Every structure is written in C-alpha cells, then in structure tokens.
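Residue numbers (my numbering), protein chains in the order written: chain A, 138 to 369; chain B, 138 to 369; chain C, 138 to 369. Here's the structure, in structure tokens; my notes come after.
What follows is the structure in structure tokens.
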C-alpha cells in the first residue's frame, strides 16, 4: 500500500507487502525490501537501501510509570543519501541519519537522535532518545547507548557495551545525564559506563571494565572498578 | 486476514497485512499496527496498542537437546486493558500482561510469565518462561531475565542486566533456580546474577557487579565478585 | 508470493503474506509461518519449521567505513532436516544449519557460519560471519559470538556472553582473530572474552569473568581479569 500523497523518485525498487503512509518522500535509486513499513512524513534521500521487516518513522508511546514522557512535536525521520538500513530495524520519528550511515539488522534508534556521516550502528544495537552521535563512529553489535549521551567523531564502541544515565535508578525527578565519549575514544566489549562519566579524547576503556568516574585523555583503564592500566 | 471466529470490539484500528487467527478476542478502542500476527485464542482487553511486526500468542517449540521441554497445555495469552506493546515483539501463549504494562520494541516474553500492573519490560528485553514479575517493576533495555525468577513489586533493573538459573551449565537433570529480587531492590546496568541468589528488599546491586551470593536487605554491593560497598 | 521457479515439497504449510523468491527449494513436511521471507536460492530440507517474520538467505551489504568487506560469492543458505527456526530471525546467505539445529526468536546469523547437528542458537543471539560452530553446542539467550570464532562440539555458552576479535578496535588492517572454545568448555553468563584467547577442553569460565589470556583445559577461571579459582 503506497498512500496517494507519498512521493517516490525514479528507479526505486519496492518489495512485497510494503506500507508507505501519507506524505512520505523517497528519492531516486532507492531499494525498499519486503514487508517494510514507512510511517507518515518520513523523508528518504537518494541511493538508500532499507532491508526487510524494517519500521521507519515510529511515533513513541508511553505509560504512566515512565520517568520522562516523550516529546510530542517531533520532526520527521530524515534519512540522507546512501544510508543502508538493516532488516527488522525500528527507527523513530525525530531521528536524523546522515549520508553513508549503516545500521545492522535488529537495530533500534529512538526519537531525537542524530548520527553523523558514515557512522555504523551495529546489529541489535539500541540507541535511546536525545543522543548525539558524530561522524565515523562505530557502535558494534548488541551495544546499548543510553539516552542523553554525546558520542563525538571517530569513537569506537566494541560489542555489548552498556551505559546508563540514571544515578538514582528510577526514583523519578532527578536530571538524567548520559556519559560523554570524546573524539577518538575506544571502548572495549561488554564495558559498562555509569551515568555522567566523561571518557577523554583517545582514551581507551578495556573489555569488561566498569567505569565509575571520568577517564582523562589518552589514558587506558581496565577492571572493575576501572583503574588506569599499570605496566606489570 | 481476520478469521471468522475472531471477535473484534468497537473502535478498533487494524493495520495492513495483519493476521488474526481463530478464536482471538479483541476489546474496544484497540490499535493494531501493520503486519501484526495474533495467534489463535489470544485475548486482548480494551484500550490496548500493539505496534507493527509483533507476534502475539506464539506456541513454543523445542529440539532434542533442550534440558527442559515446554509445557504442552498452555492457557491463552491474556493482555489486559491499556497495555502498550512495542514493535517486533514476540509474546508467547501462557503469558499474562496486567493493566498498564508497557513493552519496548523487540522485547520477547516466553510462556508462563506474568507481569503485574504498570510494569515496563524494556526494548530488546528477554524474559524466559515461568518467571513471575510484580507491579510497577521496570526492566530496562536489553536485560535478560532468566526462567524461574521471581521479581517482586517496585523492583528496578537497569539496562543489560544478566541472570542465570543453571549452576551446572547445561548438564541436564538438576533443578533450575532463578534469582529472586525482593520488593524495591535495584540492579545497576550490566550486573550479572548467578543462579538462586536472593537480593533483599531495597538492596542495591551496583553497575557491572557479579553477584555470587545472597544480598541482605538495604545493603549495596559492588564489584566482581560483589561485596558490600565500603566508605572509602 | 511464491516465485514460479521455486520448488515446494509435499505437505508444506505456508502462512499468510509469505515471500518465496526464485530458485528456492523447500522439502517435505515443512511449516513456514506468516510473513516469512525466503531469499533466492535458499535450500530447506524436510521437517523444518520457520516461525513468523523470519528472513532467510539475506545478502550482506556494507558501507565505506567497514574494516572488512563481505565476500561476494556466497553459497546458498542450506537448512538441513528437522531444523527449527524462531520468529524474527535474520539468517544470511552462506550459512549452513545442520540437522536438528534450533534457533530462538530474534536470533541473527551472518554469512559463512556453519552450525553442527542439534546445536542451539538462543533467543536474540548474534553470530557474526566466518564462525564455525560444532555439534551439540548451546549458545544461550542474548549471546554475542564474534566473527572468526571456532566453537567446538559440546560447548555451553551461558546467556549474554560477549566476545571480540579486534585487538586494535577498528584501526583497520590488522588480522582479526576470534576466540577459540575447545570441546566441552563452559562459559558463564555475561562473561567477556578478548580477541584470540583459547579456552581449553572442559575448562570453565565463571559468570561475569573477563578473560584476557588463554585458559588451560579443565581449569576454572573467575573474576576481572579472570584468574584460576582458588579454594578459599
């Protein structure tokens, strides 16, 4: 079903059982897989690929128990040229994916996230709302990027990374502060970051480390709790 | 496809390419997204939302190698009023979701699980069979809740939590015992719980902690293995 | 939609909104759920079950930033007799699933992976490309199996396992080396393995351990970094 108000460019391949809702705009040379759903107002550039079973432009919902309600006035989902989106993705309204971004299968990205050019958001990766991701960032498979994070350019995040933004674990009205990963920092697989920590430029967090306080630039930390690596 | 024996209430919105099998009952004021599959016998209350690509009422299957076979006689999937279910969920037959429950996208919940009122089961969260979850519980994104757990009311589980129920790792006939999380306990992100541990009322498990034995009420534990937090 | 060149055996059940592309071969006594997509050339044996929303035979794609490009000439996806595949799976071209394999819901398996007889690949498990998995292996829920791993027969991997294959975290041209899990080794939940470590036969890695170097056969290691377990 392609809504009559949707605009579809030239040389666009559309699979079986696709749903394209009203006011969607699709550029040229785009490939849409089978069973894809594109919600109203989504804007897709040229040369984009979207694999099967992916949902683009989802509106958030909430229940009475959530600490923070999603914002009501979200801009459309913008997908720039040459983005490649895996299968079974869930990408919300209010997201911007810049040129050359790639997402793995089963990735999900919530509202008000931006991802810079050529950034990779891996298989099963989860990116929560209001997080800003720079250019040439790699977020590997199964990583959890919490809300309100800042991830600068050239950051590398290994698989199964975990982060949190809530010091008081669900008590309610306190301000949530996600970690900040400065330019070129690298995070090993299955590392955990506590709320509000800052990882300095080109710093390295070892695999499985539990980072409870800021890490200075170019320093390598390991262990639980994470401490600067020593020579012995 | 809506089977002729299914009963659908008033003011129900049903998306494209939806499959509703025999003997399904859907209440009033329900919104069913595109590509949703509702298996036979599922019962859905009033005011429920189900997002796209979600599978409700799945029957379990097994192979020769599984330690324990799924039970054959499962009650239907019951979804009470005002439940909100994310996209790409897999929720099995034999599950009960109480009023006001919310599930994130890509969540999965196996047979014989109950979730109490207003509980949140986060994005990509996995809940195994025979686990009982109380009211006002929050299970955050990417958490793994093993089989045979008991999670009491008001528990908060941070993202990427991991649990296990099998001391002997797949050897076979031993009894499986999931952890017990007592009322109001809080678990930090990426913490690991071993089989059969009990986390006391209002106890706190720090991020990344590996909990190998019981934690008493109101105590905070951190580290690997987890130990009570000291002042220095 | 079943392509005219597809061959479908006897006693095959096919759900609603299924897409079967060209040159697919399906054996006898097969059950295909609703909304399943089977890409061109996929070969499915007798007695196979495929649950809803699953994508079989996906071709990989890439972006400019990926360290290693997927191989161009992939053999078809081969699914042998009596395999059971969960819902919302993504299984790539170039994969071989031997007789009796079971995959959980939301599992994904990339190109050039083989899984031996009766192996279980759990719910939400992620298996990267070029990994060889033996017979009677259990990979539990939410585990991340990196590329280029070797997992021998009878290995047990607990839930939320994490592994990595890239010592230099995305720098580029170095050789990637996944861990090796020898026959009968057991890995606890949420353990992390660094690149290139070898876990010996019947060795045991404790829950939450961070394994930075090889583990000898029959030894048990725990902690971060992992060390042999002592008696006290």
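The beta carbon of each residue, even a glycine, is placed where N, CA and C say it ideally should be. Since this is a predicted model, take the numbers as computed values, not measurements.
Go through its chain and collect everything with a Cβ distance to residue i's Cβ below 6 Å, but skip five positions before and after it.
i                      : result
residue 211 of chain A : 230, 231 and 248
residue 274 of chain A : 256, 288 and 292
residue 156 of chain C : 138 and 174
residue 144 of chain C : 162
residue 341 of chain C : 323 and 357
residue 361 of chain A : 347
residue 265 of chain C : 247, 283 and 284
residue 172 of chain A : 154, 189 and 190
residue 359 of chain C : 343, 346 and 366
Using 8 Å as the limit for Cβ to Cβ distance, is residue i near chain B?
i                      : result
residue 201 of chain C : Bear in mind that the predicted position of residue 201 of chain C carries a pLDDT of just 49, short of 50, making it too unreliable to give a figure here.
residue 327 of chain C : yes
residue 355 of chain A : no
residue 195 of chain A : yes
residue 344 of chain C : yes
residue 190 of chain A : yes
residue 245 of chain A : yes
residue 361 of chain A : yes
residue 299 of chain A : yes
residue 296 of chain C : yes
residue 174 of chain A : yes
residue 224 of chain C : yes
residue 233 of chain C : no
Compare the C-beta of residue i with all C-beta atoms of chain F and state if any pair is closer than 8 Å.
i                      : result
residue 293 of chain B : Included in the structure are the protein chains A, B and C, with no chain F among them.
Answer yes or no: do residue i and residue j have a C-beta to C-beta separation smaller than 8 Å?
i                      : j                      : result
residue 254 of chain A : residue 241 of chain A : no
residue 245 of chain A : residue 267 of chain A : no
residue 337 of chain C : residue 322 of chain C : yes
residue 152 of chain B : residue 169 of chain B : yes
residue 313 of chain B : residue 284 of chain B : yes
residue 280 of chain B : residue 222 of chain B : no
residue 182 of chain C : residue 164 of chain C : yes
residue 348 of chain C : residue 328 of chain C : yes
residue 252 of chain C : residue 234 of chain C : yes
residue 228 of chain A : residue 239 of chain A : no
residue 307 of chain A : residue 326 of chain A : no
residue 334 of chain A : residue 355 of chain A : no
residue 101 of chain A : residue 179 of chain A : Here chain A covers residues 138 to 369 and nothing more, so residue 101 of chain A does not appear.
Nearest chain C C-beta to residue i closer than 8 Å, yes or no?
i                      : result
residue 261 of chain B : yes
residue 283 of chain B : yes
residue 339 of chain B : no
residue 184 of chain A : no
residue 331 of chain B : yes
residue 404 of chain A : No answer is possible for residue 404 of chain A: it lies beyond the span of chain A, which begins at 138 and ends at 369.
residue 279 of chain A : yes
For residue i, which residues does DSSP report across the bridge?
i                      : result
residue 215 of chain A : A:180 and A:233
residue 364 of chain A : A:359
residue 281 of chain B : B:263
residue 252 of chain B : B:234 and B:270
residue 174 of chain A : A:156 and A:192
residue 300 of chain A : A:330
residue 293 of chain C : C:275 and C:323
residue 221 of chain B : B:186 and B:239
residue 168 of chain B : B:150 and B:186
residue 141 of chain B : Bridge partners of residue 141 of chain B: none, in fact.
residue 313 of chain A : Answer is none; residue 313 of chain A lacks a bridge partner.
residue 348 of chain A : A:330
Sorted by chain position, which residues of the same chain lie with C-beta nearer than 7 Å to residue i's C-beta, five sequence neighbours on each side aside?
i                      : result
residue 300 of chain B : 281, 282, 283, 286, 315, 316 and 330
residue 303 of chain C : 313 and 332
residue 148 of chain A : 165 and 166
Taking 8 Å as the CB-CB limit, is residue i close to chain A?
i                      : result
residue 198 of chain B : no
residue 289 of chain B : no
residue 138 of chain C : yes
residue 451 of chain C : Any property of residue 451 of chain C remains undetermined from this structure, which presents chain C solely from 138 to 369.
residue 164 of chain B : no
residue 321 of chain B : no
residue 220 of chain C : no
residue 171 of chain C : no
residue 370 of chain B : As shown, chain B starts at 138 and ends at 369. That puts residue 370 of chain B outside it, with no answer to give.
Beta-carbon within less than 8 Å of residue i's beta-carbon, same chain only, minus the 5 sequence neighbours each way: which residues are those?
i                      : result
residue 320 of chain C : 271, 289, 290, 291, 292, 338 and 339
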